[in-house]
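Colleague: Residue numbers (my numbering), protein chains in the order written: chain C, 24 to 140; chain Y, 4 to 114.
#1: Given a cut-off of 8 Å on the beta-carbon distance, is the pair residue 134 of chain C and residue 114 of chain C in contact?
#2: What do you get for residue 53 of chain Y, buried or exposed, if any count of 16 or more other CB atoms within 10 angstroms of its CB means buried?
#3: On the premise that residue 97 of chain C lies in contact with residue 47 of chain C, defined as a C-beta separation below 8 Å, what is that separation, rounded to the nearest angstrom?
#4: Mind checking residue 109 of chain C: buried by the 16 CB within 10 Å criterion, or exposed?
#5: Can you list the residues of chain C that residue 104 of chain Y reaches, using a CB-CB cut of under 7 Å?
#6: According to the neighbour-count rule (16 or more other Cβ atoms, all chains shown, within 10 Å of its Cβ), is residue 140 of chain C buried or exposed?
#7: So, is the C-beta of residue 47 of chain Y closer than 8 Å to a C-beta in chain C?
#8: Once DSSP output is grouped into helix, strand and coil, what is the label at residue 48 of chain C?
#9: So which residues on chain C does residue 107 of chain Y lean against when the C-beta distance must stay under 8 Å?
#10: So which residues of chain C does residue 2 of chain Y contact, with C-beta pairs closer than 8 Å?
#11: Measure the C-alpha to C-alpha separation of residue 45 of chain C and residue 30 of chain C and round it to an integer number of angstroms.
#12: In chain C, which residues lie less than 7 Å from residue 52 of chain Y when you measure between Cβ atoms?
#13: Beta-carbon separation of residue 78 of chain Y and residue 67 of chain Y under 8 Å?
#14: Would you tell me roughly how many angstroms separate the C-alpha atoms of residue 102 of chain C and residue 63 of chain C, rounded to the nearest one?
#15: For residue 86 of chain C, which three-state DSSP category applies?
#16: Does the beta carbon of residue 68 of chain Y sit closer than 8 Å to a beta carbon anywhere in chain C?
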């Protein structure tokens, strides 16, 4: 596609509900990143895929967070038993390069704004 | 881990004046320094980046300077316009960890 596409754009979940957030990266992009952006803060790294391999998940805040990219293209971030502190914008980014972005920037999607009530 | 500190957190300038935003990083091995602009409710967009083999890069009204010895880099916007109003983020890699972002600077350009 022309850009990184994320869905849904907005999600309201009741506390305790499971949610799934989808990311469609730019076609052919090898690397895919998930970030969490709280209100008024910078993006915080969650996890990183190179093709279908999850190479780094050190930023996932708890075992309630799970991400996958089974065919090396579309990725899903799942949050189980959502809590109010999970409320944030979840940003997906992709890069054509097989690196963590050490020499190249990322293209971000518009994000999914999750509100847990 | 990599610590990227950005300041100021807010900046107001008159239209036509210059704006400077500074970032410091902790990993001396970092070799790539991008700047992103994020308008309200929109995605962060890469506006300029610099690699460690150069000290300055310019693109029209924006420029980035890098001081590897002091481990800091700065964004310079000249002849500011109202459409420059946004939140700006610096970032740097840390080892094999993806980009670590600063907390952002909210720039307001007053017409």
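Where is the CB? At the ideal position from N, CA and C, for every residue including glycine.
Modeller: Let me lay it out:
#1: Taking 8 Å as the cut-off, the Cβ atoms of residue 134 of chain C and residue 114 of chain C count as close.
#2: buried
#3: 6 Å
#4: buried
#5: 65 and 66
#6: exposed
#7: yes
#8: coil
#9: Simply 63, 64 and 65.
#10: No answer is possible for residue 2 of chain Y: the residues shown for chain Y start at 4 and end at 114.
#11: 5 Å
#12: 128
#13: Yes, they are a contact pair.
#14: 22 Å
#15: coil
#16: no
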